[in-house]
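The listed protein sequences correspond, in order, to chains A and B. Residue numbers for the first sequence follow this note's numbering, beginning at 20 and rising by one. Residue numbers for the second sequence follow this note's numbering, beginning at 20 and rising by one. Note that CB positions come from ideal geometry on N, CA and C, so glycine has one too. Small disclaimer: the values here were computed from a predicted structure and weren't measured. In what follows, a structure is listed as structure tokens, so that the remarks can point back to it.
2 protein chains.
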Amino acid sequence: MGKLYAVGFGPGGYEHMTQKAIDVIQNADKVVGYTTYVEMVKPYFPDKDYVATPMMKEIDRCKMAIEMAKEDQTVAMISSGDSGIYGMAGIILELANEMKADIEIETVPGVTAASMAASVLGAPLMRDFAVVSLSDLMTPLELIMKRIECAGMGDLVLCLYNPKSKKRTDYVNQATDILLKYRDPETPVGIVRHAGRKEETSLITTLGQLKEAPVDMFSIVLIGNSETYVENGKMITPRGYEKKYGF
Amino acid sequence: MGKLYAVGFGPGGYEHMTQKAIDVIQNADKVVGYTTYVEMVKPYFPDKDYVATPMMKEIDRCKMAIEMAKEDQTVAMISSGDSGIYGMAGIILELANEMKADIEIETVPGVTAASMAASVLGAPLMRDFAVVSLSDLMTPLELIMKRIECAGMGDLVLCLYNPKSKKRTDYVNQATDILLKYRDPETPVGIVRHAGRKEETSLITTLGQLKEAPVDMFSIVLIGNSETYVENGKMITPRGYEKKYGF
């Protein structure tokens, strides 16, 4: 029986790939993915047989990968970050059910962008948090903003995926206005661009300044909760040890 | 100058460690951690110099690791999952500031328990989600339950860390009651015990049955949103491709 792996290869560099992601890609008959992801992975596994498809062709790409697995091939469907968080794991399972494909499917988890961005900024995710994508391609804008509101109300640290695109330029501003109802304008906000890649840059600003900050489609935005502070250039949400036990 | 790494080694097995976590542990002068974590990692790096301290001694352990780094050693402070999510990264930065320690600190992100548990269950985290710990050791119970309420209101998939301990047996039930105000009793709930370890077990139940389900301190509980369903034994939160484009 063929096997299809949904592999999250982490932020991009070899160093943040898991041992299993490396093994699965190394041993796959076919490595399938969105062109940008294939280009990222190719330098580390130059001899593999790659099939790259452009963005927005997720369904075709998955159907193709499932067909390959049905022909008894071992297929690695790659995506950056964790394949189980806004990744390809879901659509693969959905389509395999739909196609009644008798293949084995396994998800290989990876380091998601929130984890990578947090490690660059300091330690902003030491406490309860929410992860919300600002892409309204498949979620109504109203629901997205309701979720921002809920994160604000619950004093959850908030991690925004897909904060901006060429078409969606204003959603970060809308989210900022909502959060300012619940949080101080001085609340630290970290922005990491190309987290975990060669081109990585990052900056720490405040919620009150977020509208003026450089955010684009390659950015992850991490908004602190009421306890988050910045010291020595690092964004820290204290876990509560000091408050409870003292240092 | 000494260097202190906060290393997340993932769920437990070698296969889910990142390349960097492996390299850092391999090259450290000292590997420091909670006894259980040291025991997990030792078989893969038998020749390292380990310093294990019992649970609840986080502050002492960190101070010790910082002192070692001040003496020009390279120290790997290990924890399971991602060191940046409820991990040791924060307390290390807090204490290093407090101690005015002139050392370099780097966080090495890893696969967090939510990612691992999701990969076992299917693809429940394809959409916006919240991560909440039910431990009230350092967060007031009232605030924890407010966050559960917010996750319910925002139709966020919800991932519960530390759902139960010997002392805290009723919090899962309280959370269930809150979520039942917003979600159907048939909402799928996945429970993964020892995710990513040899002893791993998992089951899928419903929100209405959660109070009767076996949950303990080694479990991660993943509660679906209004769209999550179960098919062929897998828990899936559809990303929305079918709704938008059809298959």
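Can you look up Val-211(B) in the DSSP assignment and give me helix, strand or coil?
strand
Where does Met-236(B) fall in DSSP's three states?
coil
Rounded to the nearest angstrom, how far is the Cβ of Lys-15(B) from that of Thr-195(B), given a contact under 8 Å?
This structure does not reach residue 15(B), given that chain B is present from 20 up to 266, and the question cannot be answered.
Measure from the alpha carbon of Thr-55(A) to the alpha carbon of each residue in Met-87(A), Val-127(A), Ile-97(A), Thr-93(A), then state which is nearest.
Ile-97(A)
Quick one: what does DSSP say Tyr-105(A) is sitting in, helix, strand or coil?
coil
Which residues of chain B have a Cβ atom closer than 9 Å to the Cβ of Arg-187(A), listed in chain order?
Result: empty, since nearest Cβ-Cβ is about 16 Å, beyond 9 Å.
So Ala-214(A) and Ala-149(A) are in contact, right, with Cβ under 8 Å, and what is the actual spacing, rounded?
Going by Cβ atoms, the distance from Ala-214(A) to Ala-149(A) rounds to 18 Å, so no, they are not a contact pair.
Against chain B, does Gln-193(A) count as a neighbour if the rule is that its beta carbon must be under 8 Å from one of theirs?
no
Does any residue of chain A have a CB that is nearer than 8 Å to the CB of Ile-122(B)?
no
Does any residue of chain A bring its CB to less than 8 Å from the CB of Glu-34(B)?
yes
Of all the beta strand (DSSP E) runs that stay within the bounds of the stretch 47-74 of chain A, which reach a length of 3 or more residues?
For the stretch 47-74 of chain A, whole beta strand (DSSP E) runs of length 3 or above, ordered along the chain, are 49-53, 69-72.
Please report the residue range of the beta strand (DSSP E) in which Gly-171(B) lies.
Counted as a single uninterrupted DSSP element, the stretch harbouring Gly-171(B) is not any beta strand (DSSP E) but the alpha helix (DSSP H) occupying residues 160-172.
What residue range is occupied by the uninterrupted beta strand (DSSP E) comprising Leu-177(B)?
Annotation: the continuous beta strand (DSSP E) that includes Leu-177(B) extends over 176-180.
Hey, could you find the ends of the beta strand (DSSP E) Glu-246(B) is sitting in?
First-last for Glu-246(B): undefined, no H or E at that position.
Kindly indicate which three-state DSSP category Lys-22(B) falls into: helix, strand or coil?
strand
Taking a cut of 7 Å between CB atoms, which residues from the stretch 91-103 of chain A lie near chain B?
Asp-101, Gly-103
Could you round the C-beta distance between Gly-32(A) and Asp-101(A) to whole angstroms and report it? I think they count as a contact, below 8 Å.
Contact flag wrong, Cβ pair sits at about 15 Å.
May I have the straight-line CA-CA distance separating Pro-233(A) from Ile-85(B), to the nearest angstrom?
Pro-233(A) and Ile-85(B) have their C-alpha atoms spaced approximately 35 Å apart.
So with CB distances below 9 Å, who are the chain A contacts of Phe-64(B)?
Under the 9 Å cutoff, chain A gives no residues; its nearest Cβ is about 13 Å from Phe-64(B).
Measuring CA to CA, which of Lys-200(B), Lys-253(B), Ser-221(B), Cys-169(B) is closest to Gly-227(B)?
Lys-200(B)
Using 8 Å as the Cβ pair cut-off and three pairs as the minimum, do the stretch 158-173 of chain A and the stretch 249-259 of chain A touch?
no
Using beta-carbon positions only, say whether Glu-77(A) and Tyr-260(B) come within less than 8 Å of one another.
yes
Is Met-36(A) helix, strand or coil when you go by DSSP?
coil
Run through DSSP, which three-state label would Glu-123(B) get?
Of the three classes helix, strand and coil, the one that applies to Glu-123(B) here is strand, per DSSP.
Check the Cβ-Cβ distances between Met-87(B) and every residue of chain A, and say whether any is below 8 Å.
no
If contacts are defined as beta-carbon pairs under 8 Å, then Val-191(B) and Leu-153(B) qualify, I think. What distance do you get, rounded to the angstrom?
Contact flag correct, Cβ pair sits at about 7 Å.
In whole angstroms, give me the CA-to-CA distance for Glu-282(B) and Lys-82(B).
In the structure displayed, chain B extends from 20 to 266; residue 282(B) sits before or after that span and is not available.
What's the C-alpha gap between Glu-219(A) and Thr-37(B)?
19 Å
Looking at C-alpha atoms only, which residue of Ser-134(A), Ile-197(A), Met-20(A) is the closest neighbour of Glu-168(A)?
Ile-197(A)
Looking at the unbroken alpha helix (DSSP H) that takes in Val-191(A), where does it start and where does it end?
190-199
Could you pull out every residue in the same chain whose Cβ sits closer than 8 Å to the Cβ of Asp-155(A), ignoring the five residues on either side in sequence?
Ile-163, Arg-187, Tyr-190
Just to make sure I have the definition right: I need the residues of chain B whose C-beta is within less than 8 Å of the C-beta of Val-51(A). Which are they?
Within 8 Å Cβ-Cβ: nothing; Val-51(A) doesn't reach chain B, min ~16 Å.
With a threshold of 8 Å between beta carbons, is Asp-149(B) in contact with chain A?
Looking at the sequence itself, residue 149(B) is Ala, so the reference to Asp does not match. The beta carbon of Ala-149(B) sits closer than 8 Å to some beta carbon of chain A.
Please state if the CB of Ala-133(A) and the CB of Leu-140(A) are separated by a distance shorter than 8 Å.
Between Leu-140(A) and Ala-133(A), the C-beta spacing is not below 8 Å.
Is Met-236(A) buried or exposed, if buried means 16 or more other CB atoms sit within 10 Å of its CB?
Residue environment analysis places Met-236(A) among the exposed positions, since fewer than 16 neighbouring C-beta atoms fall within 10 angstroms of its C-beta.
Confirm, please, whether the CB-CB distance from Val-127(B) to Gly-267(B) is below 8 Å.
Residue 267(B) lies beyond the range of chain B shown here (20 to 266); nothing can be said about it.
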